[in-house]
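Per my numbering, the sequence shown starts with residue 13, numbered consecutively.
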Amino acid sequence: MSAIERSLDGKRILLIIGGGIAAYKSLDLIRRLRERGASVRPVLTAAGKQFVTALSVASLAGASVHEDLFSLTEEADMGHIELSRAADLIVVAPATADLLARAANGLANDLASTLLLATDKKVLMAPAMNLRMWLHPATCRNVMQLQSDGVLFAGPADGEMACGEFGPGRMVEPIDIIEAIESAIGSDTAILLPGAPLAGRKIVITSGPTHEPIDPVRYIANRSSGRQGHAIAKAAMRAGAKVVLISGPVSISDPAGVETIHVETAQEMLEAVRAHLPADIYVGAAAVADWRVENAGEQKIKKSPSGGPLLQFSENPDILAHVAKAGKSRPALVVGFAAETQNVIAYAQDKLGRKKCDLIVANDVSAEMGVMGGTQNSVHLVSALGVESWDRLDKEEVARRLVTVFADLLEKGGR
Ligand SMILES: Cc1cc2nc3c(=O)[nH]c(=O)nc-3n(C[C@H](O)[C@H](O)[C@H](O)COP(=O)(O)O)c2cc1C
Numbered sequence: 013m014s015a016i017e018r019s020l021d022g023k024r025i026l027l028i029i030g031g032g033i034a035a036y037k038s039l040d041l042i043r044r045l046r047e048r049g050a051s052v053r054p055v056l057t058a059a060g061k062q063f064v065t066a067l068s069v070a071s072l073a074g075a076s077v078h079e080d081l082f083s084l085t086e087e088a089d090m091g092h093i094e095l096s097r098a099a100d101l102i103v104v105a106p107a108t109a110d111l112l113a114r115a116a117n118g119l120a121n122d123l124a125s126t127l128l129l130a131t132d133k134k135v136l137m138a139p140a141m142n143l144r145m146w147l148h149p150a151t152c153r154n155v156m157q158l159q160s161d162g163v164l165f166a167g168p169a170d171g172e173m174a175c176g177e178f179g180p181g182r183m184v185e186p187i188d189i190i191e192a193i194e195s196a197i198g199s200d201t202a203i204l205l206p207g208a209p210l211a212g213r214k215i216v217i218t219s220g221p222t223h224e225p226i227d228p229v230r231y232i233a234n235r236s237s238g239r240q241g242h243a244i245a246k247a248a249m250r251a252g253a254k255v256v257l258i259s260g261p262v263s264i265s266d267p268a269g270v271e272t273i274h275v276e277t278a279q280e281m282l283e284a285v286r287a288h289l290p291a292d293i294y295v296g297a298a299a300v301a302d303w304r305v306e307n308a309g310e311q312k313i314k315k316s317p318s319g320g321p322l323l324q325f326s327e328n329p330d331i332l333a334h335v336a337k338a339g340k341s342r343p344a345l346v347v348g349f350a351a352e353t354q355n356v357i358a359y360a361q362d363k364l365g366r367k368k369c370d371l372i373v374a375n376d377v378s379a380e381m382g383v384m385g386g387t388q389n390s391v392h393l394v395s396a397l398g399v400e401s402w403d404r405l406d407k408e409e410v411a412r413r414l415v416t417v418f419a420d421l422l423e424k425g426g427r
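Listed below in structure tokens is the structure:
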């Protein structure tokens, strides 16, 4: 494993931990922030204390925990003003529905909300709550208000909740909050890999799922989080490349310093890819839907006593094959991803020949592997040279290694 880069060296984070189940993830967030060179001053809300202890927070942060607005020792120096002044970024994780409401309405009835009102620093919130709380019109209003006040958001993600339900409201993973923090204040773009192996190269990367509409409010999607594709974009940028990231709908942040284009459907993704060729390298890491709904409703489809709607599907454009067969504008290196639930290597070998690409990064996305939506990946590199299998690694590490492989292959002349 390579050492973690100190992408937040010297940055001061004021971390407010709200009262939600996801508070335990903030412990990991503190560890990761410090690994990257940031210092963390933690604030626990009264409800937050019900979920994590001040002792664990303080031990991980290497700093005392602030809990009380009316602390005599601290307030003699106007501690709440000083705390928010001495930060480069205020991070709220988990941001409860209640904290969002307090912040959106300018309340200042505890230390956390007073800090949020007393600051002129950037604020990043990572909401975490039950899906009905998240989708409630009151929370939607509060989020819109906070966004228009300039507050940044990381997530929430769709997923299984502690309450057993599934939907939006789950706090994004600590690594995704780190990405958002790096985007907000990081010196990420300045860190280049030794030798900048992709300097002067242009790379186009697709990432995330596509959404194929059923009607104006419903769509067909898949579980891709975009983490692997986004990590490759970041690693390629650090390797000196000019990166264009074309992302389907994801709940993770755009990588800092990377030109990111947001699309929804496979058709839109193809158009964006076409518009950004030529390039030296193309990486198709997105989980593009194979089919779209041919008879998507122009209005919301209503329930009917005669049963559910009969959806007709037609095949989506094959973006990878399109790029690999693009004639003169074909990138020197075309890399596809194969997400399979069985016969992973055999399918990848078949895809390599059929799609005329140079390298397939194959991964097993069966549910028990936890790759789709997860933070780790175990990949097989399938090319004309044979198959190389890597151990299970963090997606960031897979990305860093892949970038080195891309640089080597380009050096050897692509195909
Ligand atoms: C077991 C339990 C879990 C909770 N989880 C959440 C949660 O995930 N998100 C949330 O917004 N509120 C959650 N709440 C409610 C908050 O703790 C409550 O609204 C509290 O006032 C939030 O205070 P704070 O915003 O100052 O941290 C939970 C409450 C309990 C009892």
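Where a beta carbon is used, it is the ideal one built from N, C-alpha and C, also for glycine.
It should be emphasised that the depicted structure is a prediction, and the values quoted were computed from it without experimental measurement.
Query raised in the report: Comparing alpha-carbon positions, which option in His223, Glu177, Arg235, Ser160 lies nearest glutamine 279?
Result: Taking the sequence shown and counting its residues from 1, one reaches residue 279 at position 267. Nearest of His223, Glu177, Arg235, Ser160 to glutamine 279, Cα basis: His223.
Report task. Flag threonine 387 as yes if its beta-carbon sits less than 7 angstroms from any beta-carbon of chain C, otherwise no. Result -> Although the question refers to chain C, the structure presented lacks it and comprises just one protein chain.
Requested in this report: Take every Cβ of the segment 119–127, pair it with every Cβ of the segment 163–170, and state whether three or more of those distances are shorter than 8 angstroms.
Outcome: no
Requested in this report: Would you kindly report the start and end of the unbroken beta strand (DSSP E) that includes methionine 137?
Outcome: Start at 1 with the first residue of the sequence shown, and residue 137 comes out as number 125. Looking at the DSSP string, the run of the beta strand (DSSP E) that includes methionine 137 is 134–139.
Query - For alanine 374 and glutamine 361, the rounded distance between their alpha carbons - result: For the purposes of this step, residue 361 is taken as the residue at position 349 of the sequence shown. For the purposes of this step, residue 374 is taken as the residue at position 362 of the sequence shown. Glutamine 361 and alanine 374: Cα-Cα distance of roughly 9 angstroms.
Query raised in the report: In angstroms, rounded to a whole number, what distance separates the CA positions of threonine 108 and methionine 183?
Result: What you label residue 108 is simply residue 96 of the sequence shown in a count that begins at 1. What you label residue 183 is simply residue 171 of the sequence shown in a count that begins at 1. About 10 angstroms.
Query raised in the report: Does the beta-carbon of serine 341 have 16 or more other beta-carbons within 10 angstroms, so that it is buried, or is it exposed?
Result: Taking the sequence shown and counting its residues from 1, one reaches residue 341 at position 329. Looking at its Cβ environment, which holds fewer than 16 other Cβ atoms inside 10 Å, serine 341 is exposed.
Report task. For the beta strand (DSSP E) holding histidine 274, just list the boundary residues, first then last. Result -> In the sequence shown, residue 274 corresponds to position 262, counting from 1. First-last of the beta strand (DSSP E) with histidine 274: 271–274.
Query raised in the report: CA-CA distance, glycine 176 and lysine 368?
Result: Counting from 1 along the sequence shown, the entry for residue 176 is found at position 164. Counting from 1 along the sequence shown, the entry for residue 368 is found at position 356. Each residue's Cα considered, the two are about 44 angstroms apart.
Query raised in the report: Counting Cβ pairs closer than 8 angstroms, one from the segment 301–312 and one from the segment 343–361, do we hit at least three?
Result: no
Query raised in the report: Using the rule of at least 16 other Cβ atoms within 10 Å of the residue's Cβ for burial, across every protein chain shown, is serine 38 buried or exposed?
Result: Locating residue 38 in the sequence shown gives position 26, counting from the first residue. Serine 38 should be labelled buried.
Report task. Kindly examine ligand 1 and report whether one of its heavy atoms sits closer than 6 angstroms to the Cβ of isoleucine 244. Result -> Reading the sequence shown from its first residue, position 232 is the one you call residue 244. False, no ligand heavy atom lies under 6 angstroms from that Cβ.
Requested in this report: Can you tell me the Cβ-Cβ gap for leucine 41 and isoleucine 189, rounded? I've got them flagged as a contact below 8 angstroms.
Outcome: Numbered from 1 along the sequence shown, position 29 holds the residue referred to as residue 41. Numbered from 1 along the sequence shown, position 177 holds the residue referred to as residue 189. Right, the Cβ-Cβ distance comes to about 6 angstroms (below 8 angstroms), so this counts as a contact.
Query - Counted within 10 angstroms of its Cβ, other Cβ atoms place aspartate 110 as buried (16 or more) or exposed - result: For the purposes of this step, residue 110 is identified with residue 98 of the sequence shown, where counting begins at 1. By the 10 Å Cβ count, aspartate 110 comes out buried.
Query raised in the report: Which value, in whole angstroms, describes the spacing of the CA atoms of alanine 58 and isoleucine 258?
Result: One-based indexing of the sequence shown puts residue 58 at position 46. One-based indexing of the sequence shown puts residue 258 at position 246. Straight-line Cα distance between these residues: approximately 42 angstroms.
Query - DSSP bridge partner residues for glycine 398 (one or two, in chain order) - result: Numbered from its first residue, the sequence shown carries residue 398 at position 386. Looking at the DSSP assignment, glycine 398 forms a beta bridge with Ser395.
**Report entry** Nearest neighbour of glycine 309, chosen from Gly296, Phe325, Ala298 [CA to CA]
**Finding:** Here residue 309 is taken as the residue at index 297 of the sequence shown, counted from 1. Per the Cα distances, Phe325.
Query raised in the report: Would isoleucine 187 pass as a contact of isoleucine 217 if the rule is Cβ separation under 7 angstroms?
Result: Position 175 of the sequence shown, counting from 1, holds the residue named residue 187. Position 205 of the sequence shown, counting from 1, holds the residue named residue 217. Not closer than 7 angstroms, so no.
Report task. Compute every distance between the C-beta of glycine 60 and the non-hydrogen atoms of ligand 1, then say whether any falls below 6 angstroms. Result -> Position 48 of the sequence shown holds residue 60. Result yes, Cβ under 6 angstroms from ligand 1.
Query raised in the report: Which value, in whole angstroms, describes the spacing of the CA atoms of valine 255 and isoleucine 232?
Result: Taking the sequence shown and counting its residues from 1, the one referred to as residue 255 is at position 243. Taking the sequence shown and counting its residues from 1, the one referred to as residue 232 is at position 220. So the alpha carbons of these two residues sit roughly 28 angstroms apart.
**Report entry** Distance, valine 391 Cα to serine 401 Cα
**Finding:** Position 389 of the sequence shown, counting from 1, holds the residue named residue 401. Position 379 of the sequence shown, counting from 1, holds the residue named residue 391. So the two alpha carbons sit approximately 6 angstroms from each other.
Query raised in the report: Nearest to leucine 158 by CA position, among Ala116, Glu79, Gly260, is which residue?
Result: As a position in the sequence shown, residue 158 is number 146, starting the count at 1. Of Ala116, Glu79, Gly260, the residue nearest in Cα terms is Ala116.
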